Each structure stands twice: as C-alpha cells, then as structure tokens.
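Its first residue numbered 138, the sequence shown is counted upward by one per residue in the numbering used here.
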Amino acid sequence: QAIAAARSGNVIGGGDWSGNRLVPDIARALIANDPVVIRNPQSVRPWQHVLDPLNGYLTLAARLAEDPIKYATGYNFGPQPNDERTVLDMVELAIENWGEGSFESPELKNKPHEAGLLKLAIDKAMHELEWKPRFTSAEAVQWTVNWYRDGRDIAKDYTTRQIEEFFDL
138 QAIAAARSGN
148 VIGGGDWSGN
158 RLVPDIARAL
168 IANDPVVIRN
178 PQSVRPWQHV
188 LDPLNGYLTL
198 AARLAEDPIK
208 YATGYNFGPQ
218 PNDERTVLDM
228 VELAIENWGE
238 GSFESPELKN
248 KPHEAGLLKL
258 AIDKAMHELE
268 WKPRFTSAEA
278 VQWTVNWYRD
288 GRDIAKDYTT
298 RQIEEFFDL
C-alpha cells in the first residue's frame, strides 16, 4: 500500500465559522454590517477555494491507485504562482462581491507573529498529476462570498449546488 502526502494553501469556502480566520471574520463583519478588522493587511497567502485542493486530493488518490510506486510522494495544491494575494486584496474583493462594507486595520499591540509571505510550489502536481486549480483567487472569493451572502440559510443545498457546478467547469 502506497502513501502520498498532500498539502494545500490557505483554503476558503462557505461554511467555515472558525474564530481568528480571515474569511469567517469577514463574513461575520459583513453580515453584522460592521467593519472588517484586519491584522496584517500586507501579508501574502496562497488563497484557494476548498474545492480546488479537494479535487487535487481526489486526483492524487486516483493516480496512487493506478501506480502506487510512482505517485507515493508529496504534492502541493495551491493557486497559480502569480495568483497569491494580500490580506487587504482579499478583504477588498470580499467587500466588492458582497456589495457593501468597510474595513479597518488598527495598530494592535501584542498581535501574534505571522509570516508576511507564504507560497506553495504547485508545479509538481501540475506536471505529474495534470492537476491545476480551476479558480483564480478572485473567483474563489466570489464563490465564498456568494455562499455566506446567499447560501448560509440553505447551506446543504447551496453547497451541493456549488460542488456540482465546480465539477461542471
């Protein structure tokens, strides 16, 4: 039996209500008509919609079943190399897709240290698995905002519809 390792970037998508995570914090603020508070506006992250790495994991599992020796290695699943965005970019895209909202970035004392730049090299997954992300980061934000704005009250049906649409792309 073969084992492979898979890693993904900063995953976004509807249904995540965790604390101290950018997109759930954005959603809560926009729903409440409060300003979005951002800690590190210039931090760059490899944002991606949750369905993209899940598709990568499924692709990897299928390849492992075909050739366990060849694919028993590590793979990164993330956005295209030129599609990493800052926290500020993500907040502005979310507000634009929501249709209204504001943000603030106060100077916070004792904020936890976070790396300013995170990236993932996905070329191995692209070449060996013939996988690539289906969404740009802007599209990932749009789908995510749509879920929080339009789908949160019908979460199961809306999520199912998004999954079906994703695999029709």
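Backbone N, C-alpha and C define an ideal beta-carbon position, used for all residues, glycine too. Quick caveat, the model's predicted, so the values are computed rather than measured.
*Take the Cβ of F304 as the centre, count every other Cβ of all protein chains shown within 10 Å, and call the residue buried at 16 or more, exposed below.*
Stepping through the sequence shown from its first residue, residue 304 is reached at position 167. So F304 counts as exposed.
*Can you tell me whether DSSP reads E241 as helix, strand or coil?*
Indexing the sequence shown from 1 puts residue 241 at position 104. Of the three classes helix, strand and coil, the one that applies to E241 here is strand, per DSSP.
*Length of the line joining the Cα atoms of A252 and T223*: As a position in the sequence shown, residue 252 is number 115, starting the count at 1. As a position in the sequence shown, residue 223 is number 86, starting the count at 1. Those two C-alpha atoms are separated by around 12 Å.
_Given this structure, state the Cα-to-Cα distance separating S242 from D171, to the nearest angstrom._
Residue mapping note: residue 242 aligns to position 105 of the sequence shown, counting from 1. Residue mapping note: residue 171 aligns to position 34 of the sequence shown, counting from 1. One C-alpha to the other measures close to 13 Å.
*Buried or exposed by the 16-neighbour rule on C-beta atoms within 10 Å, applied to A169*: For the purposes of this step, residue 169 is taken as the residue at position 32 of the sequence shown. Its Cβ having fewer than 16 others within 10 Å, A169 is exposed.
*Kindly indicate which residue of H186, A209 and T210 has the alpha-carbon position closest to the one of K269.*
Locating residue 269 in the sequence shown gives position 132, where the first residue counts as 1. Looking at the Cα atoms, H186 is the closest of the given residues.
_Can you give me the C-alpha to C-alpha distance between V228 and W284, rounded to a whole angstrom?_
Within the sequence shown, residue 228 is the residue found at index 91, counting from 1. Within the sequence shown, residue 284 is the residue found at index 147, counting from 1. Computed Cα separation, rounded: 16 Å.
*Which of helix, strand or coil DSSP assigns to N177*: By 1-based counting over the sequence shown, the position of residue 177 is 40. Reduced to three states, the DSSP call for N177 is coil.
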